[in-house]
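First up is the structure itself, then whatever we jot down about it.
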């Protein structure tokens, strides 16, 4: 069965608005699978129960991310307190800031520990290190994070195989950065993309970082800014011009606008109840 435009964009994240997708319903002819994979169409009551389950899952995920962000901020506060109390020599403390809205950690004294934990965090959150580093087998750079609640940890600073640039950079390099938030539509509602970018960065650089985060091509995205709360209209950001030259600050409301085909797919999703919160 062919996927709807909305379903294709919400699940497969194609590279072009002209892409089409299909889903296999019955695999009884395939020896390795040999069964019916999908049942439908659903009744109105089943659709209602499914939508309610989706709403609960989304709300739970949002609450989990909020809790993780708060926990990372408390970790930073605890480290700052320990430094002030003399637990660490401040002259050899390395300070890092998060560039993205997530961080990867290994809760272990040994950086070769295989279990990696992903946590949500607010861009700009401070992380403290003794300066020890370890390179993984694929060139990823891990830094020794200060022990929190008697738990040693290693933090992923950079992964050359990951899109979007480093996760953590030394604080001195971020003094001329600003924290920005972009409002964008998803199949389940309006979400925020948060990041820390250089004040001299172009609008195109910010757009490409967002597109790598959501796996979209930048050609179908336009960035718009509401430079003042009472501004009657939004301003379209020029790709080649820097953000600060266009009046963007950390308080500016930023929005992502898709081209018509993608936007219409999102509106189909809204009509189907996908965006109900």
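Numbering (this note's numbering), first residue to last: 686 to 962.
For each residue, glycine too, the CB sits at the ideal point set by N, CA and C.
{"Check": "Pairwise C-alpha distance: residue 711 and residue 961", "Outcome": "In this prediction, residue 961 has a pLDDT of 37, which is less than 50 and means its spatial position is unreliable; what the coordinates show is noted afterwards. So the alpha carbons of these two residues sit roughly 31 Å apart."}
{"Check": "Neighbourhood of residue 863 by C-beta distance below 6 Å, restricted to the same chain and skipping five residues each side", "Outcome": "884, 935"}
{"Check": "Rounded straight-line distance, which links the Cα of residue 906 to that of residue 830", "Outcome": "37 Å"}
{"Check": "Residue 891 (DSSP reduced to helix, strand or coil)", "Outcome": "helix"}
{"Check": "Stretch-stretch touch, CB-based, cutoff 8 Å, three pairs: the segment 921-929 with the segment 881-896", "Outcome": "yes"}
{"Check": "Segment contact, 8 Å Cβ cut-off, at least three pairs: the segment 771-783 with the segment 811-818", "Outcome": "yes"}
{"Check": "Whole-angstrom C-beta distance between residue 785 and residue 852, which should lie under 8 Å", "Outcome": "6 Å"}
{"Check": "Nearest to residue 802 (by Cα), restricted to the options 789, 773, 808, 919", "Outcome": "789"}
{"Check": "CB-CB length for residue 868 against residue 941, believed under 8 Å", "Outcome": "7 Å"}
{"Check": "Below-7 Å beta-carbon distance, residue 885 vs any chain D residue", "Outcome": "Of the protein chains in this structure there is only one, and it is not chain D."}
{"Check": "Residue nearest to residue 834 in terms of C-alpha spacing, selected from 767, 879, 854", "Outcome": "767"}
{"Check": "Residue 748 (DSSP reduced to helix, strand or coil)", "Outcome": "helix"}
{"Check": "Residue interval of the beta strand (DSSP E) (run including residue 938)", "Outcome": "938-943"}
{"Check": "Anticipated Cβ contact below 8 Å, residue 919 with residue 910, distance rounded", "Outcome": "6 Å"}
{"Check": "Touch test, the segment 802-811 against the segment 750-762, Cβ-Cβ under 8 Å, three pairs minimum", "Outcome": "yes"}
{"Check": "Residue 761 - DSSP class collapsed to helix/strand/coil", "Outcome": "helix"}
{"Check": "Best match in 752, 705, 908 for proximity to residue 933 [C-alpha to C-alpha]", "Outcome": "908"}
{"Check": "Rounded separation between residue 892 and residue 804 - CA only", "Outcome": "24 Å"}
{"Check": "Per-residue DSSP class, three states only, for residue 800", "Outcome": "coil"}
{"Check": "Length-filtered (4 minimum) alpha helix (DSSP H) runs lying within the segment 799-856", "Outcome": "none"}
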